[in-house]
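These notes concern the structure reproduced below.
Protein chains: 2
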Amino acid sequence: MTNSESKSFTTSQKGTTHDENGCHIRIVHLERVALAKRQALAEEESERLALTYKILGDPTRLKIVMALNDGEMCVCDLAAFLGLSESAVSHQLRRLKDLALVRQRRQGQTLFYALNDSHIATIINIGLEHIREGGRKWI
Amino acid sequence: MTNSESKSFTTSQKGTTHDENGCHIRIVHLERVALAKRQALAEEESERLALTYKILGDPTRLKIVMALNDGEMCVCDLAAFLGLSESAVSHQLRRLKDLALVRQRRQGQTLFYALNDSHIATIINIGLEHIREGGRKWI
DNA sequence: ATTATATATGAACAATTGTTCATATATAAT
DNA sequence: ATTATATATGAACAATTGTTCATATATAAT
């Protein structure tokens, strides 16, 4: 998007190359593949971004995130809300915390969890717009 | 966010209830749990939204999406770009298509894939902002 | 010190997932 | 009609994942 390089390749520059194992691979649009490689994120960053979406990609965790969007909650309330054991919720909160999606605040024996930053609500809202406007091919 | 109901619960309204199996469950903040339940999305919608993020939550598929952000690509170019078999790419494109994240256009024997709508790039960009600003606890 | 409460954690296991391999389909060229 | 090209699809299998169960830890109350 930020890049001014050509956006459509109608000219077919067919070619073939070999991968690191010497295997023969087919490339129809050499320049387009080269562009994709130049623009690609660092592997480390792709992995982290994918992991972030994967964490949001489980119904239990997503429901936790959406519930926290209305304000902080403690573990046993989340368990009651979800109809799951507190252990299961705690395991999922740990994963959410590891990816900086939620943070915790202790008050006595109780831990209150909250969304960690405003990006998360934004991602959810755009995701909702996406599913509400389009493809009916659910699963 | 859009709701004007109370956002923090300092008063602890302890209570217990029973789930549909008659099991005893603990709720520390009754009203907070009730609020979460009122605000929750329909189950069907939560499932779909989670599935959308899950699909973005695999490095291969995320790389496909990010590559398509620079313009359409055919299957064999994506395979070359990713260093994967065309079969593997085709399987993943099917999942992306099932969730309306990409669409396809045929030109002869070649199928060109492109992002299906502008939400997708937005979600990626906000996700990137999130991982670039915060938590260092990677995995 | 002992007990209760709230939550975290490790191991285990069924369920889900991503890739490979073999094969099928769709279009184009001869 | 036959062959080549580009992609799709089903089955199989190793790898990953979410929950449960048992146990550990941290704080508070007595």
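Keeping their order, the protein sequence lines are chains A and B. Read left to right, the first sequence gives residues 1 to 139 (our numbering). Read left to right, the second sequence gives residues 1001 to 1139 (our numbering). Where is the CB? At the ideal position from N, CA and C, for every residue including glycine. These numbers come from a predicted model, not from an experiment.
In this structure, how does DSSP classify residue i when only helix, strand and coil are distinguished?
i         : result
B/GLN1109 : coil
A/ALA42   : coil
B/LEU1051 : helix
A/ILE126  : helix
A/THR10   : Because A/THR10 carries a pLDDT of 45, less than 50, the predicted location of this residue cannot be relied on, and no value is offered for it.
A/MET1    : Any reading at A/MET1 must be qualified, since the residue scores a pLDDT of 41, below 50, and its modelled position is unreliable; the value itself is stated next. Here A/MET1 sits in coil by DSSP.
Name the chain A residues whose beta carbon is nearer than 8 Å to that of residue i?
i         : result
B/ARG1032 : GLY71, MET73 and ASP77
B/ALA1080 : THR17, ILE25, ARG26, ILE27 and VAL33
Using a Cβ cut-off of 8 Å, pull out every chain B residue sitting near residue i, in sequence order please.
i       : result
A/VAL28 : CYS1074, CYS1076, ASP1077 and THR1110
A/LEU49 : LEU1062, ILE1124, GLY1127, LEU1128 and ILE1131
A/LEU93 : None at all; the shortest Cβ gap to chain B is about 14 Å.
A/ALA67 : ALA1036, GLN1039 and ALA1040
Identify the contact partners of residue i in chain B, using a Cβ-Cβ distance below 7 Å as the criterion.
i        : result
A/HIS119 : ILE1126, GLU1129 and HIS1130
A/LEU84  : Neighbours of A/LEU84 on chain B: none; closest Cβ ~10 Å, over 7 Å.
From the options, pick the residue whose C-alpha is nearest to that of residue i; which is it?
i         : options                                       : result
A/ALA50   : B/GLU1045, B/ASP1070 and B/THR1060            : B/THR1060
A/GLY57   : A/LEU111, A/THR110, A/LEU96 and A/GLU129      : A/LEU96
A/ILE25   : B/LEU1041, B/GLU1086, B/GLU1072 and B/ASN1125 : B/GLU1086
B/GLU1043 : A/LEU82, A/GLU129, A/GLU31 and A/LEU68        : A/LEU82
A/LEU115  : A/MET73, A/ILE126 and A/GLN109                : A/MET73
B/ALA1080 : A/GLU129, A/ASN125, A/GLU133 and A/ALA36      : A/ALA36
B/ASP1098 : B/ILE1027, B/GLN1039 and B/ARG1048            : B/ARG1048
B/SER1118 : A/ILE120, A/GLU133, A/ARG38 and A/LEU68       : A/GLU133
B/VAL1028 : A/LEU84, A/ASP77 and A/HIS130                 : A/ASP77
A/GLN109  : A/THR122, A/HIS130, A/ILE124 and A/VAL75      : A/VAL75
A/GLY127  : B/LEU1084, B/LEU1041, B/LEU1093 and B/TYR1113 : B/LEU1041
A/HIS140  : A/GLN107, A/ILE123, A/ARG106 and A/ILE55      : Chain A is shown only over 1 to 139; residue 140 of chain A falls outside these bounds and no answer can be derived.
B/GLN1039 : A/ASP70, A/SER46, A/TYR53 and A/GLU31         : A/ASP70
A/GLN32   : B/PHE1112, B/ILE1124, B/ILE1120 and B/THR1122 : Per the sequence shown, the amino acid found at residue 32 of chain A is Arg instead of Gln. It is B/PHE1112.
A/LEU68   : A/SER46, A/LEU93, A/ALA88 and A/TYR53         : A/LEU93
Taking residue i as the query, report the chain A residues whose CB atoms sit under 7 Å from its CB, ordered along the chain.
i         : result
B/GLN1039 : ASP70
B/LEU1035 : ASP70
B/SER1046 : PRO59, LEU62 and LYS63
B/LEU1115 : The premise fails here: B/LEU1115 is roughly 11 Å from chain A at the closest Cβ pair, so nothing lies under 7 Å.
Starting from residue i, find everything on chain A with Cβ-Cβ shorter than 9 Å and list it in chain order.
i         : result
B/ALA1178 : Past the edges of chain B, shown from 1001 to 1139, lies residue 1178 of chain B, and the structure says nothing about it.
Starting from the beta carbon of residue i, find every residue of chain B whose beta carbon is closer than 9 Å, and list them in chain order.
i       : result
A/LEU96 : In chain order: nothing, as chain B lies at least about 11 Å away.
Would you say residue i touches the ligand FMN, meaning its beta carbon is less than 6 Å from a heavy atom?
i       : result
A/VAL28 : In the structure on display, the ligand FMN does not appear, and there are no ligands present to speak of.
Legend entry - Inter-stretch contact (C-beta, 8 Å, three-pair minimum) for the stretch 1096-1106 of chain B and the stretch 1059-1075 of chain B: Flag = yes, the stretch 1096-1106 of chain B and the stretch 1059-1075 of chain B touch.
Legend entry - Runs of alpha helix (DSSP H) wholly within the stretch 1075-1111 of chain B (minimum 4 residues, chain order): Positions of the alpha helix (DSSP H) runs, each at least 4 residues long and wholly inside the stretch 1075-1111 of chain B, are given as 1075-1082 and 1086-1098 in order along the chain.
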